[in-house]
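Accompanying notes for the structure given below.
There are 2 protein chains.
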Amino acid sequence: MALLITDPKLKSWVDVPEGSDFPIQNLPFGIFRYQDQDPRVCTAIGEYVADLFILSEHGFFDDLDLAKGIFQEATLNAFIGQGKEKTRAVRQRLADILDDDLEEWDASELRSFFLIKQTEVTMLLPLAIGDYTDFYSSKEHATNVGSLFRDPERALLPNWKHLPVGYHGRSSSIIVSGDPVFRPNGQFLEDGHVAPIFGPSRRLDFELETAFVVGKNSKLGQAVSTEEAEDYIFGMVLFNDWSARDIQKWEYQPLGPFLGKSFASTISPWVVTMEALSSFVCSGPVQEPAVLPHLAFRGEKSYDIQLEAILETTDGQRIVLCQTNHKYLYWTMVQQLAHQTSNGCAIHIGDLYASGTISGPGQQALGSMLELTQNGQQPLVLPDGTARTFLEDGDTIILRGMCQDKGLRIGFGEARATIHSNAVKA
Amino acid sequence: MALLITDPKLKSWVDVPEGSDFPIQNLPFGIFRYQDQDPRVCTAIGEYVADLFILSEHGFFDDLDLAKGIFQEATLNAFIGQGKEKTRAVRQRLADILDDDLEEWDASELRSFFLIKQTEVTMLLPLAIGDYTDFYSSKEHATNVGSLFRDPERALLPNWKHLPVGYHGRSSSIIVSGDPVFRPNGQFLEDGHVAPIFGPSRRLDFELETAFVVGKNSKLGQAVSTEEAEDYIFGMVLFNDWSARDIQKWEYQPLGPFLGKSFASTISPWVVTMEALSSFVCSGPVQEPAVLPHLAFRGEKSYDIQLEAILETTDGQRIVLCQTNHKYLYWTMVQQLAHQTSNGCAIHIGDLYASGTISGPGQQALGSMLELTQNGQQPLVLPDGTARTFLEDGDTIILRGMCQDKGLRIGFGEARATIHSNAVKA
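In structure tokens form, the structure reads like this:
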């Protein structure tokens, strides 16, 4: 093992197709089910999942002092709870097992036991999510929404540049890529009316976001500084914060978004580790005015992650709705976590902290239909010429994310979901 | 067993002092720790806890078809998960065991094994709380806060009478009576400034609330109607929604309360069952305009629960801050749950749904310092003549709740916590 995992020259004996999200430099973690087996922990390599339970049963992790049973769990929480030192060691061992240097750790003869085609397994929600926060950290998005919902002259509220605005979200409605999204019922106002009606949302939207996964518990009363924060961040997923704009608009004052969000949020099944993303750290937007000391940080804390949202319709049309980048975010993850804990709020392994919609400069970098269509006033035109404002039943939204540089590509897989007509009784 | 549990004539062979919160008609559930034992499920009778694990080991529940191990758990979730039919049967059996008719189920000879003085045990947080919602269901409170934070002319926003406004709260900061509360740090504006400072909150407040505990899971995409809702509500606790008004005021627009709330919420340790409260159902405020059909309900769904908040200072002063009643709430629990699930949001066993501050008519029925002191402008005068606006380090707030009628008294115990100076690094 002369090469670092992040070295683009490292190769696996498992075939990894050109453009795959999952080269040996990635090695994300997930939970899969194969046939009628119990859920297990896996990583991804090329077009395969690698079953970590089988590898552990064959003794490949015996010297790593891991707790028993952590690879035969329905979530990653117990594995993540082993701590970064051990999860890093597992990732290093996986690289040793999968790299084309078969002298030290050779699992190639076991390939039929621990490698399964991704198309043959079901990827499950990888986390038990105790608490979930949705931040609002894109200046472009906050400005766009403030302009559309309130007043273009005062689009950013006075607090926005002083703290990463966020709200508590609903953990119970977080689902994994592939799960159906049901169009929510709810209350909203029809144009020109003052009394609401109740029925299926007419302004169903996606939001292109990412979320980070907490990998270490803090205690109530304990603040995690921006300096300490990276030790608490295990990895990242794609996050589609589905939104019903009509419900949201009617309900959100004064206590914030509620039922306009809590019907579904789709995450990608693979938790990409911060180690895999380490080659893609970059600088972010200048923060002006300067933040207060508890939110200040040293060094580069933004990430160059290319993101896109794709719409597929029932009649086979496919259109890229949005191309943006994580690095546009005004607030960094270490600031979000420092803010979250600055009042002593406890964070726990498996918690999710979503970025908020990641819009960027330009019309192509708008991460929601609300922004892309100016709240429905400027419909998108699909390839067949039809106009589209908000999302329709049967529409599929696919979020994708990838880091690319100098021959190295670290991908997130996808967060995909199709909208179904509402199954809820009206 | 000729008498119903709710019959005031039912007596226990265990001594229950006059005015106890825990007569045989109550039988709430909680989790206790005694010496170095693992946590166990218990009920309360007079000044004792009754250890349900010991009773189960002695076969008292053998015929009730309960899952193994549910009484030796750190939370009530597994017990509650047995379903109302079984939890009701356990409560009935406890009444049989504890009543003074010792012919059928006599545990009196085992009293030294299963009864422990409440003063000798530690009551623990009784629930694993997946999601927590805080509603805003008192018209008096919403009107008062709207007047103080915004505009007396438009204190209630247009949506308020059409739906039970609420927001997602933070599960990880819910603590149990007796746990310390640390004064939070946070950002806020000083008077006349436009840039915030960061430091310990200067406007720390309590909020007198109750919360109900969900006893049955729903599925994502499934609405629970007002008619079905009672089947999903297991019981109730007292809830102190500690609030840092300066932090809250600066942060809450546009996405709602966040760090001004998420540093601590104190609940009482005993979950009082809806069966124990069944004698205290009453009618609530008239809802005008009429609610939409999905929020309509039949019959009486309010509860006559007397509530009070008491302040104890470090120098031994004690003052009743507030006396109010659950029945003043505009929105009922069945409406809150129907609203919460109307978009298909899934609810889970152990979820908490808090009422929002329960203020009522009159100065004595205001459930927060914000309202009692008109946002600090009209300080309270303590017995020793000193003025008090918001809460100070060393202050203890005690919430109490009790139902009383025709010789029957069902109490909630208390939710008590003392404020400690902030332990968070500034």
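Protein sequence lines correspond, in order, to chains G and L.
Heads up: the first sequence begins at 7 in the numbering used here, then just goes up one per residue.
Heads up: the second sequence begins at 7 in the numbering used here, then just goes up one per residue.
Positions of the beta carbon are idealized from the N, C-alpha and C atoms, including for glycine.
By the neighbour-count definition (other C-beta atoms within 10 Å, threshold 16), phenylalanine 59 of chain L is a buried residue.
Nearest CB-CB separation between leucine 163 of chain L and chain G: below the 8 Å threshold. Distance from the Cα of lysine 267 of chain L is smallest, within the candidate group G:Ala302, G:Asp252, G:Phe269, G:Leu226, for G:Leu226. The secondary-structure analysis by DSSP pairs glutamate 215 of chain G across a beta bridge with G:Phe245.
Bridge partners of aspartate 411 of chain G according to DSSP: G:Leu414. Spanning the alpha carbons of phenylalanine 141 of chain G and leucine 313 of chain L requires a straight line of approximately 36 Å. The three-state reading of DSSP puts glutamine 312 of chain G in strand, counting E and B together.
Cβ neighbours of arginine 394 of chain L within its own chain (closer than 7 Å, five residues either side excluded): Pro385, Leu386, Leu388.
The DSSP-derived three-state label of aspartate 140 of chain G is strand.
Proline 299 of chain G counts as exposed, since fewer than 16 other beta carbons sit within 10 angstroms of its beta carbon. Phenylalanine 38 of chain L and isoleucine 404 of chain L have their C-alpha atoms roughly 20 Å apart. Not one beta carbon of chain L lies nearer than 8 Å to the beta carbon of isoleucine 11 of chain G. Going by C-alpha positions, asparagine 165 of chain G is about 59 Å away from lysine 15 of chain L.
According to the DSSP assignment, valine 96 of chain L belongs to the alpha helix (DSSP H) that extends over 90-104. Looking only at G:Ala250, G:Ser179, G:Ala95, G:Val171, the smallest Cα-Cα distance to phenylalanine 204 of chain G is reached by G:Ala250.
One Cα belongs to glycine 262 of chain G, the other to glutamate 257 of chain L, and the distance between them is close to 11 Å.
Between the segment 96-114 of chain L and the segment 27-34 of chain L there are three or more C-beta pairs closer than 8 Å, enough to call the two in contact. Contact check for isoleucine 364 of chain L and leucine 169 of chain L: beta-carbon distance about 18 Å, past the 8 Å limit, so the pair fails to qualify. Note that the segment 365-385 of chain G does not touch the segment 233-246 of chain G; fewer than 3 beta-carbon pairs, one per stretch, sit closer than 8 Å. For isoleucine 239 of chain G, the pairing in a beta bridge is given by DSSP as G:Val220. By the Cβ neighbour-count rule, glutamine 383 of chain G is exposed, with fewer than 16 other Cβ atoms within 10 Å of its own. A contact between stretches requires three or more CB pairs, one per stretch, nearer than 8 Å, and the segment 342-354 of chain L meets this requirement with the segment 216-236 of chain L. Contact residues of the segment 377-389 of chain L toward chain G are absent (C-beta to C-beta distance below 7 Å). With respect to chain G, the C-beta atom of valine 171 of chain L has a partner C-beta closer than 8 Å.
The DSSP-derived three-state label of histidine 147 of chain G is helix.
Closest option to threonine 338 of chain L, judged by alpha-carbon separation, among L:Trp248, L:Glu294, L:Ser361: L:Ser361. For cysteine 409 of chain G, no CB of chain L lies under 8 Å from its own CB, so it is not counted at the interface with that chain.
Under the Cβ distance rule, serine 178 of chain L counts among the residues neighbouring chain G, one pair being separated by less than 8 Å. By the neighbour-count criterion, in which a residue is buried when 16 or more other Cβ atoms sit within 10 angstroms of its Cβ, aspartate 71 of chain L is exposed.
For serine 118 of chain G, there is no enclosing beta strand (DSSP E); the residue is part of the alpha helix (DSSP H) that begins and ends at 117-120. Rounded to the nearest whole angstrom, the C-alpha separation of aspartate 211 of chain L and tyrosine 336 of chain G is 32 Å. Glutamine 98 of chain G is a Cβ neighbour of isoleucine 11 of chain G, given a cutoff of 8 Å. When Cβ-Cβ separations below 8 Å define contact, glutamate 146 of chain L makes no contact with chain G. Of G:Ser178, G:Pro23, G:Lys333, G:Thr379, the smallest CA-CA separation from leucine 358 of chain G is found for G:Ser178. Looking at the backbone, the Cα of valine 200 of chain L and that of arginine 156 of chain L are separated by about 18 Å. The segment 178-189 of chain G makes contact with the segment 271-291 of chain G, as at least three CB pairs between them are under 8 Å.
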